[in-house]
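Residue numbers (my numbering), protein chains in the order written: chain A, 1 to 325; chain B, 326 to 743. Note that beta-carbon positions come from the ideal geometry of N, C-alpha and C, so glycine has one too. Have a look at the structure below before the remarks.
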C-alpha cells in the first residue's frame, strides 16, 4: 500500500514537472511582464525564471527525475510487499510495464494540457515549483553551475526578457500581436512609424523662415495656384504687405474660389514648440486641424514652418510609403 | 551489503545510462535541425537522406524518443532503487540515500544535460549517426503509439471536456501594454492614447466608426470645378456616383487637387472600396493601404451603401484626442467622471474599458464600442439629445458631430431607479 501511495505521489509530481516545462516554454512572456508590472508576484517569479532559465530547467530536470525515481521506488516496494522471494526480475518487469502509464499520465497528457492553457495552469503550479526550488536549492545550484559551464562551451545564452516596457519591448509586443494574427500589417507599420516619430526632433522637417515661399494677401489666385503647382505645395503660406506670415490657404480652396478672386489667409497657423517631437506635433496639428504650423522656440521666436504633409510622410514611411501619394 | 554481488546491477545501470544519453542526444540533434538543414540532408548520402526521411513525421519521432528515454530511465531508476533498498536493509541508511540521490543526479547530468549539449554542437553529424537506431526504435514502438494516443485523448476529454486553447496574446494584453508603458517610455498620455487607438482598430467594426453616406457631398459625373464652386466646401472629400445610378463609385480628395487645367475632375478621382458593415476597421485600413485608396463605402446585407469611411476620419480618430475639433485640450481622457455615478464617455470607448473603469458588469453585445451599442439600441445613427438604456447604464448623447468624437453622458442606474 505504501509503495502504491509513493507511486501515485511520484506520478502526480512527474505530471506537474512535465506540464510546467511545456507551459514555461509556451506561455506568453509579454503577459508575465504586464502582470508583473501590475504587481502580480507569480508573474514576477516566472519572469525571473525566464531570465534565469538554467535555474528553472535544473529545477524541472531534478524534480522530474526524482518523481520518476519515486514511481519506480514505489513499484519496487509494492512488488517486494507482494512477492517475498526472487522478486528482482519481477521488480524490473513491473517497472517496464509501468512505463506506458507514466508516459501517458506523467508526460504526454500534462504536456498537452499545459500546451493548450499554459498561462492559466502555470499560475496554479508556481507555488509548488517555488517550494521544490527551495528544497532542491543545493542540487539546483550545482546543476545550474554545470549548465552554465556547458552553456559557455556551446556558446549559447538565453534571450533576456525585460521587466520594463520601454519602446523596444512595446514594439516587440506589437510584433507578437501581429504574429498572433491580432494586428493587421498596417497597424504594426503605423505603430512602428509613430514610435519612430516619438523620438525624432522637428529640425529636419522645419522650413526655415528665409526659405518659406509665400504669396502676398490680395494677389490674384491664379498666381498663387501657379506658384503652388511649381513648388508642389498643398497649402500656401500667406504674408501681409510687410512680408509677415499671417496664415495659409489650401490649394484646393484656391481652385474652388471664383477665378478672379484675390488671395486671403483662410486659416491661422498652429503653434508648435521647437522641443516637441514629431509625434506630439502630429497630434497637436491634427487636433486643431492645421495644415501648417509655426515652430517657436522657448522665447517664442519663430524658427520656421512645419507642414502636416511632411508629418504624414513620416507616418506613412516604409511599407506605407505608397499610400497618400 | 556485498558490493561485488551488486556489480551486474551497477553495470546494467551504466549501460542504461548510455542508452538514456543516446536518446537525449538524438532528441536534441534531430530537433535542432532547421528546415534548411533538412533540405540539405535530403540531397546528401543515403544516411543523410534517412535523417530527412525520419523527420518527415517529427511528432512520431519525438513520441518514440520520449517513450524509449522514459523506459530506460525507469529501468535505471528501478535498479537504483533495488541497490539503495539493499543498502538500507543492511543498515546503511545514509549510504542508501546518498546512492539514490547521487544516481539520480548522475543520470540527469550524464544522460540528459551533457549528451544534449554535445549533440547540438554538431547536430547534422550526430543526427546522421543516430538516424538508423532511432528508425528501428520507432518501428518497434509504433504499434503501441496509436493506443497510447487514444488513451491520452480519451483521458483529456474526461479530465477537461471543455478545454479551449488559450490565445497566445489578446487585444486586452496589447492595450494593457500600452497603458503600462507610461513610466518606461517617453510617451505622454496623448501618444499612448494614439497607440491604443491603433490597437483598437482590430476589433472595432466599421459601422461603429463610419459616417453617414449623406454627410459627404455627392456628384454625378461629369464633375467640373464650376460645379464644386457652387457648393460650400464642407469636407475634404467629395463622392462621385456611378453615371447611371446613385451608388458611390469614386472619391476625390480636394486638398490633393493641384491643377485647374483639367476640365473633368471625376477622371482625377480614385475608386472607392466596398466593405460589409461587419468588417473590422483594421481590415478596411489594410485594404485601403494595399490598394492605395482613401475612401471605403460601407454596405449593409442588402448591398445598400449605409456609410463611408475616409482615411482622414481614421487619422482623426487615431491622432485627434480633443473632444471636438475646436477643443485644444489634447489630453482629454476617453472616460471622465463628472460626479458620483456619472461619467462623460467618448463614443469610441471600448465596452471592455468601460466595464473595467466603471466597475459595472455589462450585458453581452456584438458591439465593441459605446457608439455601436447606442446605434444598436436606437436602430439608427445617434443624434445629440438621444437617450437610451443598456443594462445598468443610461446613455445620453451630448455631442454627435459628423467629424470627430461623439460624447455620451453615462449614468449607472441603480435598481431602485428602474
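The stretch 419-426 of chain B and the stretch 298-312 of chain A do not touch, with fewer than three beta-carbon pairs separated by less than 8 Å. The Cβ of residue 713(B) sits no closer than 8 Å to any Cβ of chain A. Taking the C-beta atoms as reference points, residue 399(B) is found nearer than 8 Å to residue 102(A). Under the 8 Å criterion on CB atoms, residue 252(A) is classed as interfacial with respect to chain B. From the beta-carbon of residue 280(A), the residues of chain B found nearer than 8 Å are 513, 515, 516. Cβ neighbours of residue 533(B) within its own chain (closer than 6 Å, five residues either side excluded): 694, 696, 697.
In this structure, DSSP gives residue 232(A) a state outside helix and strand, which the three-state scheme calls coil. Boundaries of the alpha helix (DSSP H) around residue 699(B): 695-703.
With 16 or more other Cβ atoms from the protein chains shown falling within 10 Å of its own Cβ, residue 731(B) counts as buried. Take the alpha-carbon of residue 348(B) and the one of residue 397(B): they are about 9 Å apart. Runs of the alpha helix (DSSP H) lying entirely within the stretch 19-99 of chain A, each at least 4 residues long, are 29-37, 41-51, 53-82 in chain order. Every alpha helix (DSSP H) of 4 residues or more that sits fully in the stretch 498-567 of chain B is shown, in chain order, as 514-525, 531-534, 550-554. In the same chain as residue 221(A), and ignoring 5 residues on each side of it, the C-beta atoms closer than 6 Å to its own belong to 254, 257, 261, 263, in chain order. By the Cβ neighbour-count rule, residue 568(B) is exposed, with fewer than 16 other Cβ atoms within 10 Å of its own.
Of all C-beta pairs linking the stretch 434-453 of chain B to the stretch 407-415 of chain B, fewer than three are shorter than 8 Å, placing the two stretches out of contact. With a 10 Å radius around the Cβ and a threshold of 16 neighbouring Cβ atoms, residue 447(B) comes out exposed.
Judged by their CB atoms, residue 536(B) and residue 633(B) are nearer to each other than the 8 Å cut-off. Among the residues facing chain B, residue 37(A) is included, as its CB has a counterpart in that chain under 8 Å away. Within 8 Å of the CB of residue 398(B), the CB atoms of chain A belong to 65, 68, in sequence order along the chain. For residue 720(B), the enclosing beta strand (DSSP E) has its first and last residue at 718-724. Annotation: residue 99(A) to residue 362(B) spans about 33 Å, alpha carbon to alpha carbon.
Between the C-alpha atoms of residue 528(B) and residue 582(B) there is a straight-line separation of about 34 Å. Shown here, residue 614(B) sits in a helix according to DSSP, grouped into three states. Residue 100(A) belongs to the set of residues whose beta carbon lies under 8 Å from a beta carbon in chain B. Around the Cβ of residue 184(A), a 10 Å sphere holds 16 or more other Cβ atoms; the residue is buried.
For the stretch 603-624 of chain B, the residues whose beta carbon sits under 7 Å from a beta carbon of chain A are, in order, 607, 608, 610, 611, 614, 617. Using beta-carbon distances, residue 247(A) does not count as an interface residue toward chain B, since no partner is under 8 Å. C-alpha of residue 690(B) to C-alpha of residue 577(B): approximately 36 Å in a straight line.
Contact with chain A is found for residue 490(B), since one of that chain's Cβ atoms lies less than 8 Å from the residue's Cβ. In the structure shown, residue 428(B) adopts helical secondary structure according to DSSP, grouped into three states. The C-beta distance from residue 720(B) to residue 737(B) rounds to 11 Å, too long to meet the 8 Å contact threshold.
Considering only beta carbons, no part of the stretch 329-356 of chain B lies closer than 7 Å to chain A.
Its chain contains 404, 407, 408 as the residues whose beta carbon lies nearer than 8 Å to that of residue 334(B), once the 5 sequence neighbours on both sides are disregarded; these appear in chain order. Residue 10(A) and residue 359(B) have their C-alpha atoms spaced approximately 36 Å apart. Between residue 147(A) and chain B, the shortest Cβ-Cβ separation is below 8 Å.
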